[in-house]
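In order, the protein sequence lines correspond to chains R and B. If you're matching positions, the first sequence starts at 1 in our numbering and goes up one per residue. If you're matching positions, the second sequence starts at 261 in our numbering and goes up one per residue. The C-beta atom is built at its ideal place from N, Cα and C for all residues, glycine as well. Here's the structure, in structure tokens; my notes come after.
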Amino acid sequence: MKPGMNIAVLVKQVPDTYAERRLKDDGTLDRDAGEAVIDEIDSRGVEVALQLAEQHGGEVTVVTMGPQRATEALRKALAMGADKAVHLVDDALAGSDAWQTSAALAAALRTVGFDLVITGNEASDGMTGTVPAMLAERLGLPQVTSARKVTVDGTTLSAEKLIDGGYAEVTAPLPALVSVSEKIADPRYPNFKGIMAAKKKPVQTLSAADLGLSNTGGANAASRVVSSAPKPPREAGQKITDDGTAGAKVAEFLATERLI
Amino acid sequence: MPTVLVLAEHADGALRPVTGELLTAARRVGTPAAVVVGAPGAAAALAGELAAAGAEKIFVAESPDADSYAVTPQVAALQAAVEAAGGAGEVAAVLLPNTVDGRDIAGRLAIRLDSGVIADAVDLDESVVATLSVFGGSYVVTSQVTQGIPVITVRAGAVTAEPVAGAGEQVPVQFTVDPATATTVTAVHTEPAGDRPDLAAAQTVVSGGRGVGSADKFSVVEQLADALGAAVGASRAAVDSGYYPHQFQVGQTGTTVSPQLYIALGISGAIQHRAGMQTSKSIVAVNKDPDAPIFEIADFGVVGDLFDVAPQLTQEVSSRKG
Ligand SMILES: Cc1cc2nc3c(=O)[nH]c(=O)nc-3n(C[C@H](O)[C@H](O)[C@H](O)COP(=O)(O)OP(=O)(O)OC[C@H]3O[C@@H](n4cnc5c(N)ncnc54)[C@H](O)[C@@H]3O)c2cc1C
Ligand SMILES: Nc1ncnc2c1ncn2[C@@H]1O[C@H](COP(=O)(O)O)[C@@H](O)[C@H]1O
Numbered sequence: 001m002k003p004g005m006n007i008a009v010l011v012k013q014v015p016d017t018y019a020e021r022r023l024k025d026d027g028t029l030d031r032d033a034g035e036a037v038i039d040e041i042d043s044r045g046v047e048v049a050l051q052l053a054e055q056h057g058g059e060v061t062v063v064t065m066g067p068q069r070a071t072e073a074l075r076k077a078l079a080m081g082a083d084k085a086v087h088l089v090d091d092a093l094a095g096s097d098a099w100q101t102s103a104a105l106a107a108a109l110r111t112v113g114f115d116l117v118i119t120g121n122e123a124s125d126g127m128t129g130t131v132p133a134m135l136a137e138r139l140g141l142p143q144v145t146s147a148r149k150v151t152v153d154g155t156t157l158s159a160e161k162l163i164d165g166g167y168a169e170v171t172a173p174l175p176a177l178v179s180v181s182e183k184i185a186d187p188r189y190p191n192f193k194g195i196m197a198a199k200k201k202p203v204q205t206l207s208a209a210d211l212g213l214s215n216t217g218g219a220n221a222a223s224r225v226v227s228s229a230p231k232p233p234r235e236a237g238q239k240i241t242d243d244g245t246a247g248a249k250v251a252e253f254l255a256t257e258r259l260i
Numbered sequence: 261m262p263t264v265l266v267l268a269e270h271a272d273g274a275l276r277p278v279t280g281e282l283l284t285a286a287r288r289v290g291t292p293a294a295v296v297v298g299a300p301g302a303a304a305a306l307a308g309e310l311a312a313a314g315a316e317k318i319f320v321a322e323s324p325d326a327d328s329y330a331v332t333p334q335v336a337a338l339q340a341a342v343e344a345a346g347g348a349g350e351v352a353a354v355l356l357p358n359t360v361d362g363r364d365i366a367g368r369l370a371i372r373l374d375s376g377v378i379a380d381a382v383d384l385d386e387s388v389v390a391t392l393s394v395f396g397g398s399y400v401v402t403s404q405v406t407q408g409i410p411v412i413t414v415r416a417g418a419v420t421a422e423p424v425a426g427a428g429e430q431v432p433v434q435f436t437v438d439p440a441t442a443t444t445v446t447a448v449h450t451e452p453a454g455d456r457p458d459l460a461a462a463q464t465v466v467s468g469g470r471g472v473g474s475a476d477k478f479s480v481v482e483q484l485a486d487a488l489g490a491a492v493g494a495s496r497a498a499v500d501s502g503y504y505p506h507q508f509q510v511g512q513t514g515t516t517v518s519p520q521l522y523i524a525l526g527i528s529g530a531i532q533h534r535a536g537m538q539t540s541k542s543i544v545a546v547n548k549d550p551d552a553p554i555f556e557i558a559d560f561g562v563v564g565d566l567f568d569v570a571p572q573l574t575q576e577v578s579s580r581k582g
């Protein structure tokens with residue numbers, strides 16, 4: 001590890017939310033359905049890590065667990081400026097739930113070493129939002145989740161975190177885990193130099209066996225999908241163009257539907 | 261009957277409505293027991309309400325630490341309550357509200373209990389099978405924990421509270437917080453809820469988007485909301501432009517709403533916004549652009565200027581109530 005602050009950032013590759021997302025018949029995500037991108041929330045995590053490393057020195061390591069092509073998400077983070085990457089890739093990990101994902105990522109993070117772990121607050125594909133807290137518990141770290149602002153002074157981390165109905169100011173001793181909310185820094189765009197440099201940066205791959213993981217994969221998950229069914233899509237109703245009376249016409253519609 | 265533990269959500273000496281919803285869900289599975297984590301004296305103020313809402317037992321976990329640290333006091337208290345209730349053989353599930361804190365508590369607790377976790381359930385049956393609404397309601401999925409005591413967060417407003425009074429027997433439990441893994445809360449800033457209904461649970465929601473144009477002009481949205489007795493929502497573009505506070509964001513990364521009526525003013529209807537509102541019973545949209553995607557899901561669409569249509573609608577609604 002370098003002097004300064006060594007930061008591990010988790011990034012996940014997800015189906016682009018601008019496209020339709022589908023589940024397979026067994027209730028797992030259809031990862032071939034659309035384009036795969038680095039989750040927007042994780043690109044914000046990378047941005048925060050880069051800013052902190054710029055202020056305090058140190059090194060930014062991006063970590064992902066996912067299929068072969070998830071390495072694209074790592075390259076994107078490297079092009080933004082991260083120093084190195086770790087890719088946990090193994091067919092045996094397919095179908096992992098949050099419990100197993102947090103076990104695997106915790107093992108990977110222990111091999112990397114860190115003063116600070118940064119994650120997104122909620123992946124856009126799984127919607128569980130529980131991996132960060134599970135990781136913090138496994139690694140014995142304080143957790144600061146849904147942060148909208150993060151600063152570090154010595155070994156104390158201060159943050160503003162979103163809570164229901166507003167925000168809270170919190171502090172925690174390092175090492176710690178932070179999950180970022182979308183109300184934090186906008187991610188920088190990789191420039192040409194960054195993209196070229198990323199090609200030469202080290203990406204270490206790890207297997208489940210490398211980390212000594214057992215009971216991996218969907219068959220051993222701590223939770224399982226029982227059934228899954230698509231809902232029929234909504235259809236458009238009537239549409240009018242305002243001729244100066246549309247407000248009154250909406251009121252009529254609401255009255256007919258017994259909504260007022 | 262096995263026990264089902266419910267983390268009581270409370271603020272300023274009052275229970276949050278979601279607690280009654282969780283106790284109702286708990287009763288389907290077993291004997292509902294509430295866990296109150298708070299400063300000394302917190303439980304005394306809530307005990308009557310909890311018993312009326314269905315708690316047969318109330319595990320009282322009080323400590324000055326409860327309010328100074330985030331999340332870990334609740335994790336430790338729930339772990340202690342699981343022990344006090346007889347452990348894995350006796351506890352059928354732990355239910356928490358699906359809030360930011362609720363999910364953090366659930367995640368940490370699941371690791372301590374070596375249990376699986378399910379987040380954001382919209383329903384729960386007697387065999388602890390949870391129903392989830394995935395990708396903004398495009399899929400309905402049922403899911404089950406297969407390891408340990410199921411730890412489940414439940415979306416506010418999804419289960420209808422049906423209170424059946426319980427005995428409300430108070431049982432003290434002790435917990436400690438390890439400062440090395442604790443996050444200290446130094447200040448909390450919440451907007452006073454005011455007279456408007458809670459966004460997630462509201463029967464009617466009026467939302468404004470980037471088309472509203474400024475924070476000042478959001479009063480047009482608020483006036484219509486108030487005439488309808490509705491909650492106010494906003495798109496991410498409106499929030500990011502500083503027109504309205506973040507806690508009112510509707511969508512994939514904001515609050516999911518499913519009201520009887522949703523009115524979208526100056527919102528284009530991006531897929532991520534729709535993910536948070538497309539299960540609304542009735543949708544009305546006002547947008548200048550006839551091709552705005554919001555019209556694809558609107559039951560009643562108006563191509564027009566929101567600054568003409570919304571005030572006229574406000575007027576009509578007020579006079580009909582007259
Ligand atoms: C990962 C991710 C998560 C996201 N999560 C969310 C989320 O949770 N919620 C969310 O809302 N978005 C979310 N977004 C953003 C989303 O993609 C859109 O950018 C956003 O919803 C657009 O907001 P808008 O409709 O207010 O703005 P715009 O798309 O700019 O639309 C403004 C509309 O107002 C209309 N208009 C302008 N003036 C008037 C007028 N005077 N009268 C009537 N109509 C007028 C215009 O015709 C236009 O259609 C997310 C995006 C990503 C990538
Ligand atoms: N497979 C994964 N690889 C890397 N990071 C992950 C993975 N799964 C979850 N995360 C991180 O945890 C955050 C929250 O995920 P989740 O709890 O699944 O909603 C994400 O935004 C990521 O930063």
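Judged by the Cβ position, V342 (chain B) fails to qualify as a neighbour of ligand 2 at the 6 Å threshold, every heavy atom of the ligand being at least this far. Looking from the CA of D25 (chain R), the closest CA among R:A168, R:V226 and R:D164 belongs to R:V226. Contact between T128 (chain R) and A379 (chain B) holds: CB atoms are separated by about 4 Å, below the 8 Å threshold. Taking the C-beta atoms as reference points, E316 (chain B) is found nearer than 7 Å to P292 (chain B).
Contact residues of ligand 2 (beta-carbon closer than 7 Å to any heavy atom; chain order) are R:L10, R:V11, R:K12, R:D39, R:I41, R:D42, R:G45, R:V63, R:T64, R:M65, R:G66, R:A98, R:T101, R:L105, R:T119, R:G120, R:N121, R:E122, R:A123, R:G126, R:M127, R:T128, R:G129, R:T130, R:V131, R:P132 and R:S179. The shortest C-alpha to C-alpha distance from R69 (chain R) to any of R:V46, R:A53 and R:E35 is the one to R:E35.
As for any alpha helix (DSSP H) of minimum length 4 sitting wholly inside the region 493-577 of chain B, the runs are 496-500 and 531-534, ordered along the chain. Between K12 (chain R) and E59 (chain R), the C-beta gap is not smaller than 7 Å, which leaves the two residues out of contact. By the CB criterion at 7 Å, G367 (chain B) and A133 (chain R) fall inside the cutoff.
In the DSSP annotation of this structure, D242 (chain R) is not part of any beta strand (DSSP E), being labelled neither H nor E.
Taking CB atoms only, K231 (chain R) has a neighbour in chain B less than 7 Å away. Residue pairing by DSSP places I38 (chain R) opposite R:Q13 in a beta bridge. Listed along chain B, no residue sits closer than 8 Å to T119 (chain R) by beta-carbon distance, the nearest being about 11 Å off. By the CB criterion at 7 Å, A494 (chain B) and G529 (chain B) fall outside the cutoff. As DSSP reads the structure, P173 (chain R) sits in a beta bridge with R:T156.
Contact between A8 (chain R) and T61 (chain R) is confirmed by a C-beta separation of about 5 Å, below the 8 Å threshold. D383 (chain B) sits in a strand when the DSSP states are folded into three classes. The beta carbons of T450 (chain B) and G165 (chain R) sit closer together than 7 Å.
According to the DSSP assignment, A337 (chain B) belongs to no beta strand (DSSP E) but to the alpha helix (DSSP H) extending over T332 to A344. Chain B has a Cβ within less than 7 Å of the Cβ of L259 (chain R). F319 (chain B): member of the beta strand (DSSP E) spanning K317 to E322, first to last residue.
Taking the C-beta atoms as reference points, V63 (chain R) is found nearer than 7 Å to L10 (chain R). Near chain B, meaning a CB-to-CB distance below 7 Å, the residues of the region 172-203 of chain R are A172, P173, E182 and K183.
Under a criterion of Cβ atoms nearer than 7 Å, the residues of chain R adjacent to E576 (chain B) are, in order, G247, A248 and A251. Taking 8 Å as the upper bound for CB-CB distance, V510 (chain B) and G536 (chain B) are in contact here, some 5 Å apart.
Rounded to the nearest angstrom, the Cβ distance from V388 (chain B) to P410 (chain B) is 5 Å, consistent with a contact under 8 Å. Nearest Cα to A299 (chain B) within the set B:A326, B:V264 and B:A307: B:A326.
Using a Cβ-Cβ cut-off of 7 Å, L23 (chain R) counts as an interface residue toward chain B, since at least one Cβ of chain B sits closer than that to its own. A residue is called buried once 16 or more other Cβ atoms fall within 10 Å of its Cβ, and Y18 (chain R), having fewer, is exposed.
Counting along the chain, the unbroken alpha helix (DSSP H) around S328 (chain B) starts and ends at D325 to S328. Within chain R, no residue has its CB atom less than 8 Å from the CB of D476 (chain B), the nearest being about 21 Å off. Within the region 104-145 of chain R, the complete beta strand (DSSP E) segments at least 3 residues long are 116-120, listed from N- to C-terminus. In this structure, ligand 1 has a non-hydrogen atom nearer than 6 Å to the beta-carbon of N547 (chain B). Judged by beta-carbon spacing, V433 (chain B) lies within the 7 Å limit of A340 (chain B), meaning their Cβ atoms are closer than that value. Residue burial annotation: V424 (chain B) is exposed, with fewer than 16 other C-beta atoms found within 10 angstroms of its C-beta. According to the DSSP assignment, M80 (chain R) belongs to the alpha helix (DSSP H) that extends over T71 to M80.
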